[in-house]
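Participant: In the numbering used here, the protein residues as written are 35 to 517. Dropping the structure in here first, questions after.
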């Protein structure tokens, strides 16, 4: 069994399928040929038996009727006191009248036999069988079909026999025909099996070539489509779906690694500036201790800046890990009012308008501190990166998020706006439209924190910007479900 399993494991599938087809055809042909031979032989024997029974009945009726009439017209005495059966008997049938001890009483002319006669067993003659039976001929090479019919009171029996040579020749011819036809059918089955298996496995070969191409690095390759109701089509569809997921995962991994490298580089760059400042101030203090108070103040500011940046990075890391927020029902209107008032207090020379559309109860589930941070970051971004005197508008509206009611908070300015390229990257970490902002308090993390916090609240944030006309940031948060 192990040897067969090893051979099967090493044998190609197309060879197994063709071998299975050939084996099935051979077994089927053998079974059909055997069954055909058996049925044909039984049919021929049945016809022989019917002929023997008919001849035996004719002879027995005539001999018995002649005996009753005191005549022996059916039997003619010979020179040796044997009798010849003169009743009409087909030339291929031997008819004899014998006693139970086997003694011959009458027979058809023996010279009409074209071959060896039947070998008769005295025991079989003494006890006649109820039906026809088969015996070998005197040479032992052929067979005869024999029927014994008792005559009168059983003192004699009528033996009717015929050679089965004709039956054998018919069966031999049948066998030759079956072998020829079987060979033709087998060859046709092998050829058609090879063609069908090759055509059926062609899609698998295509899949193999596609897999090799993908393994070489071309992840965009796909298996050609086949009808989805077929096994190959179903497999191709599943593989294409899997390949799509693998490509997407690989692209996401590559993009994530690229973003991570960029993130580390940007974080190092942003932290290097305050660290350099601290080292420079420390060196100045070492050279001139008399300016200690002023230098310590500068170092403290640089440390505070680094501390704020580290806190922002930790917040982003926590959000990336999808740590749960402290959610509770929050009145978003009250939160927007507080953020607007603080923005006015922080920039008294700027106009910060609030427009609330009273068409919904702005009750949301969320972390109040983090949502307030979202609003503060958006307002700070609008105040910091628009010219002095530019008005800021805060709007609170009802909206729809994923086909469900939501609250929409918009922070709009009328500043210089963003280009399409800038608008596409504005939520990236450490991205700064104006690199000079890094020296003016900007760290390039405010809007990325906004996007991460809104996503953590199952919301969405987007922007609309027209260069020269201003920018509008729009935050959608799902409303608290009604009890």
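From the three backbone atoms N, C-alpha and C, an ideal C-beta is built for every residue, glycine too. As the structure is a computational prediction, the values presented were derived from the model and not from experiment.
Count the other CB atoms, across all protein chains shown, that sit within 10 Å of the CB of residue 279; report buried if there are 16 or more and exposed otherwise.
Facilitator: As a working note, residue 279 is residue 245 in the chain shown. So residue 279 counts as exposed.
Participant: What are the start and end residues of the beta strand (DSSP E) that includes residue 177?
Facilitator: As a first step, residue 177 must be located in the chain shown, where it is residue number 143. Residue 177 -> beta strand (DSSP E) spans 177-185.
Participant: According to the Cβ coordinates, are residue 505 and residue 511 closer than 8 Å?
Facilitator: Here the question's residue 505 lines up with position 471 in the chain shown. Here the question's residue 511 lines up with position 477 in the chain shown. Result no, Cβ atoms of residue 505 and residue 511 do not sit closer than 8 Å.
Participant: Where do the N-terminal and C-terminal ends of the alpha helix (DSSP H) with residue 232 fall, by residue?
Facilitator: Reading the chain shown from its first residue, position 198 is the one you call residue 232. Here the alpha helix (DSSP H) through residue 232 covers 199-249.
Participant: Taking only three categories from DSSP, how would you classify residue 507?
Facilitator: Indexing the chain shown from 1 puts residue 507 at position 473. Residue 507 falls in the strand class under three-state DSSP.
Participant: Round the Cβ separation of residue 446 and residue 499 to the nearest angstrom and send it over; I've been treating them as touching at under 8 Å.
Facilitator: Looking up residue 446 in the chain shown gives position 412. Looking up residue 499 in the chain shown gives position 465. Incorrect: roughly 10 Å between the Cβ atoms, too far for contact.
Participant: Tell me, to the nearest whole angstrom, how far the beta carbon of residue 443 is from that of residue 390; I am working on the premise that it is less than 8 Å.
Facilitator: Counted from its first residue, the chain shown places residue 443 at position 409. Counted from its first residue, the chain shown places residue 390 at position 356. That pair is no contact at about 10 Å.
Participant: Output needed for residue 309: all residues of its chain with C-beta closer than 6 Å, excluding positions within five of it in sequence on either side, in chain order.
Facilitator: Working through the chain shown from its first residue, we reach residue 309 at position 275. Cβ within range, chain order: n/a, list empty.
Participant: Alpha carbon to alpha carbon, what distance is there between residue 253 and residue 277?
Facilitator: For this step, residue 277 is matched to residue 243 along the chain shown. For this step, residue 253 is matched to residue 219 along the chain shown. Roughly 8 Å separates the two Cα atoms.
Participant: Shortest alpha-carbon distance to residue 422 belongs to which of 396, 122 and 450?
Facilitator: Against the chain shown, residue 422 aligns to sequence position 388. Selected option, being the one with the closest Cα: 450.
Participant: Answer yes or no: do residue 271 and residue 52 have a C-beta to C-beta separation smaller than 8 Å?
Facilitator: On the chain shown, position 237 is the one that residue 271 refers to. On the chain shown, position 18 is the one that residue 52 refers to. No, the Cβ-Cβ distance between residue 271 and residue 52 is not below 8 Å.
Participant: Opposite residue 384 in the DSSP bridges: which residues?
Facilitator: Mapped onto the chain shown, residue 384 falls at position 350. DSSP, once it has assigned bridges, lists no residue as partnering residue 384.
Participant: Since residue 363 is in the alpha helix (DSSP H), which residue starts that stretch and which ends it?
Facilitator: As a position in the chain shown, residue 363 is number 329, starting the count at 1. Per DSSP, residue 363 belongs to no alpha helix (DSSP H); it is in the beta strand (DSSP E), 362-365.
Participant: Starting from residue 454, trace the alpha helix (DSSP H) both ways and give me its first and last residue.
Facilitator: On the chain shown, position 420 is the one that residue 454 refers to. 454-459 is the extent of the alpha helix (DSSP H) around residue 454.
Participant: What are the start and end residues of the beta strand (DSSP E) that includes residue 427?
Facilitator: Here residue 427 corresponds to residue number 393 of the chain shown, with the count starting at 1. 426-435 is the span of the beta strand (DSSP E), which, as asked, contains residue 427.
Participant: For residue 88 and residue 77, I'd like the C-alpha separation in whole angstroms.
Facilitator: By 1-based counting over the chain shown, the position of residue 88 is 54. By 1-based counting over the chain shown, the position of residue 77 is 43. Whole-angstrom Cα-Cα distance: 17 Å.
Participant: Output the distance between the C-alpha atoms of residue 166 and residue 181, rounded to the nearest integer angstrom.
Facilitator: By 1-based counting over the chain shown, the position of residue 166 is 132. By 1-based counting over the chain shown, the position of residue 181 is 147. Roughly 4 Å between the two C-alpha positions.
Participant: Report the residue from 411, 366, 420 and 380 whose alpha carbon sits nearest the alpha carbon of residue 395.
Facilitator: Along the chain shown, read from residue 1 onward, the residue named residue 395 stands at position 361. For the residues 411, 366, 420 and 380, the minimum Cα distance to residue 395 belongs to 366.
Participant: In angstroms with no decimal places, state the Cα-to-Cα distance between residue 473 and residue 240.
Facilitator: Walking along the chain shown from the start, residue 473 turns up at place 439. Walking along the chain shown from the start, residue 240 turns up at place 206. With a pLDDT of only 40 at residue 473, under 50, the local geometry of the prediction cannot be trusted, and the value read off the model is given with reservation. Answer to the nearest angstrom: the Cα atoms are 59 Å apart.
Participant: Would you kindly report the start and end of the unbroken beta strand (DSSP E) that includes residue 137?
Facilitator: Taking the first residue of the chain shown as position 1, residue 137 is located at position 103. Looking at the DSSP string, residue 137 is not in any beta strand (DSSP E), and its letter there is neither H nor E.
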